[in-house]
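Chemist: Please find one structure pasted underneath; my questions will follow.
What follows is the structure, given as structure tokens:
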């Protein structure tokens, strides 16, 4: 059966895809999201950001579905102000990994995202720049004082040390968690089975939309599961080559309106996808 634009759920990564931190949202992306939603399509974001961090960029974007936050650990409806679903890390494992990593890497930064706030258990140059660029509010405390519900841990490190950090964490052999690089200087700890792709499937079912009318666009390694899960997917011209091979199309870069190009393509071709 031919699909209509109202059948489609489109999920876009935020940083590097929909917007550029410190620069903002290209106007063509803002306009395209509005036009897509007004035509009946369902549009939302999937991001590693905390709900409060993402919110400050969404006043110009017309979301027509709940947002996928913390890389899938939280699905949140900004219109009603409530969590649709939460998936947290095993707390004891999270504490153990943060302690071990901070002891092995004295210059490491560690941020912990919880339902109520972002906690900084250890600061460094990269964590400071991350929180300063986005003007994030956070609480500095020791890891044992962080509340027990953890969506994820964000480790911040010099990119030259990233491979060594990854190898160290994998050597700990902790069941129940996995690690994903979200930027050259960021490595995240997530609960097994929690990712943007799994959240996309959940959200489509929650909204009563067909799985073969899901579409997604992203640009980095934490978007891989999202691109694989979507019925139709795109990445950007400046994405790593090993991300591009998993997408159905390659669009312009973020600041050149890649999301706008993708939404325009979907509006023109939705009946054939």
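Numbering (our numbering), first residue to last: 69 to 341. All C-beta atoms in this analysis are idealised placements derived from N, C-alpha and C, irrespective of residue type, glycine included. Here the structure is a predicted model, which means the values were calculated and not measured.
Can you tell me where the beta strand (DSSP E) with residue 106 in it begins and where it stops?
Modeler: First-last for residue 106: 95-106, but that is the alpha helix (DSSP H), not the beta strand (DSSP E).
Chemist: Does the beta-carbon of residue 235 have 16 or more other beta-carbons within 10 angstroms, so that it is buried, or is it exposed?
Modeler: So residue 235 counts as exposed.
Chemist: At 4 residues or longer, what runs of the alpha helix (DSSP H) sit wholly inside the region 226-282?
Modeler: Counting only runs of 4 or more, we get 230-239, 264-275.
Chemist: For the structure I just gave you, are there three or more beta carbon pairs, one from the region 69-87 and one from the region 312-330, closer than 8 Å?
Modeler: Taking 8 Å as the limit for Cβ pairs, the verdict is that the region 312-330 does touch the region 69-87.
Chemist: Taking three-plus beta-carbon pairs below 8 Å as touching, is the region 192-212 in contact with the region 146-160?
Modeler: Taking 8 Å as the limit for Cβ pairs, the verdict is that the region 146-160 does not touch the region 192-212.
Chemist: Taking residue 338 as the reference, give the member of 116, 110, 268 with the closest Cα.
Modeler: Checked all of 116, 110, 268; the closest Cα to residue 338 is 110.
Chemist: Would you give the residue range spanned by the alpha helix (DSSP H) that residue 311 belongs to?
Modeler: 309-312 is the span of the alpha helix (DSSP H), which, as asked, contains residue 311.
Chemist: Could you give the distance in angstroms between the alpha-carbon of residue 250 and the alpha-carbon of residue 259?
Modeler: Each residue's alpha carbon lies about 15 Å from the other.
Chemist: Please state if the CB of residue 137 and the CB of residue 117 are separated by a distance shorter than 8 Å.
Modeler: Taking 8 Å as the Cβ cut-off, residue 117 and residue 137 qualify as a contacting pair.
Chemist: Please report the straight-line C-alpha distance between residue 272 and residue 174, rounded to a whole angstrom.
Modeler: Approximately 43 Å, taken between the alpha carbons.
Chemist: On a Cα-Cα basis, can you pick out the residue from 130, 180, 197, 240 that is closest to residue 93?
Modeler: Of 130, 180, 197, 240, the residue nearest in Cα terms is 130.
Chemist: DSSP state of residue 209, grouped into three classes?
Modeler: Correct three-state label for residue 209: coil.
Chemist: Applying the criterion that 16 or more other CB atoms from any shown protein chain within 10 Å of the CB defines a buried residue, is residue 91 buried or exposed?
Modeler: Under this definition residue 91 is an exposed residue.
Chemist: Tell me which same chain residues have a C-beta within less than 8 Å of the C-beta of residue 184, skipping the five on either side of it?
Modeler: The answer, listed in chain order, is 215.
Chemist: Using DSSP with H/G/I as helix, E/B as strand and the rest coil, what is residue 346?
Modeler: Lying outside 69 to 341, the shown extent of the chain, residue 346 is not represented and no answer is given.
Chemist: Would you decide whether residue 198 is buried or exposed? Buried here means 16 or more other CB atoms lie within 10 Å of its CB.
Modeler: Buried, since its Cβ has 16 or more Cβ neighbours within 10 Å.
Chemist: So residue 281 and residue 302 are in contact, right, with Cβ under 8 Å, and what is the actual spacing, rounded?
Modeler: No, residue 281 and residue 302 are not in contact; Cβ-Cβ is about 15 Å, not under 8 Å.
Chemist: So, using beta-carbon positions, are residue 290 and residue 312 closer together than 8 Å?
Modeler: Cβ atoms of residue 290 and residue 312: not closer than 8 Å.
Chemist: Between the beta-carbon of residue 327 and the beta-carbon of residue 141, is there less than 8 Å?
Modeler: No, the pair does not count as a contact, with Cβ atoms beyond the cut-off.
Chemist: Which residue's Cα is closest to the Cα of residue 243: 135, 123, 231, 157?
Modeler: Here the closest residue by C-alpha is 157.
Chemist: Which residue comes first and which comes last in the beta strand (DSSP E) that contains residue 320?
Modeler: Taken as a continuous stretch (DSSP letters only), residue 320 belongs to no beta strand (DSSP E), as it is neither H nor E.
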